[in-house]
Amino acid sequence: MTMIDPFIQEFTHEAATTRRLFERIPEDSLPYKPHEKSYSMGELASHMAHSIAWAVMTIDMDVFEMDPEVYKPFIASSKAGLMEEFDKNVSEAIGKMSGCSDESLMANWQMRVGGQVVIEMPRMAVLKSFILNHMIHHRGQLDVYLRLNDVPLPQIYGPTADEPGMMGG
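This is how it looks when you write it as structure tokens:
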């Protein structure tokens with residue numbers, strides 16, 4: 025077993041949980057914003073779906089130069105487009121991670137913005153923090169957006185008020 029094997033299991037589990045949350049998004053709620061400084065629901069979910077693709081970039085490159093002047097974020101125009109982007113990126117990420125050696129995972133990785141290093145750590149740490157934990161962080165935000173729109177929430181790490189599950193509730 026390599027270092028990536030248990031990570032892929034965790035990633036697959038968390039991606040499936042995120043997908044269940046995406047399935048709850050009402051099509052007509054994509055423009056919803058809880059606050060003027062917030063992403064819309066569609067922008068937030070699109071960011072989550074697209075940021076999974078960064079796993080491939082993390083594995084393929086030792087240094088990623090982010091150019092904010094050129095970068096155009098993916099914004100889904102529909103729930104179907106969101107789901108398609110997410111499923112594609114999860115599949116590609118798992119496929120790319122499956123071939124990683126422990127040596128590659130421990131190699132240093134950098135993200136630079138305007139030539140300045142903003143992230144530098146072993147590739148495995150980038151996959152864990154910048155990819156997986158990033159998705160989980162935004163999933164918590166999306167959970168609140170859905171609750172504010174009276175959308176029943178699926179179980180994530182346990183029962184919700186909408187799905188009590190096997191623990192009662």
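Quick note on numbering: this note's numbering labels position 83 of the sequence shown as 107, and the sequence is numbered without any gaps. Using N, Cα and C, we set each Cβ at its ideal position, and we do this for glycine too.
Item	Value
Could you tell me the distance, in whole angstroms, from the CA atom of P183 to the CA atom of N157?	21 angstroms
Which class does E48 belong to by DSSP, given the choice of helix, strand or coil?	Contrary to the premise, residue 48 reads as Arg rather than Glu in this sequence. Coil at R48, not helix or strand.
What does the alpha-carbon distance come out to for the pair D167 and H161?	10 angstroms
Between the beta-carbon of V80 and the beta-carbon of K112, is there less than 8 angstroms?	no
Quick check on E187: buried or exposed, where buried means 16 or more other Cβ atoms within 10 Å of its Cβ?	exposed
In the DSSP assignment, find the unbroken beta strand (DSSP E) run with V142 in it and report its ends.	Q140 to P146
Counting pairs of Cβ atoms below 8 angstroms between the stretch 84-94 and the stretch 132-146, do you hit three or more?	yes
For S70, does the count of other Cβ atoms within 10 angstroms reach 16, so buried, or fall short, so exposed?	buried
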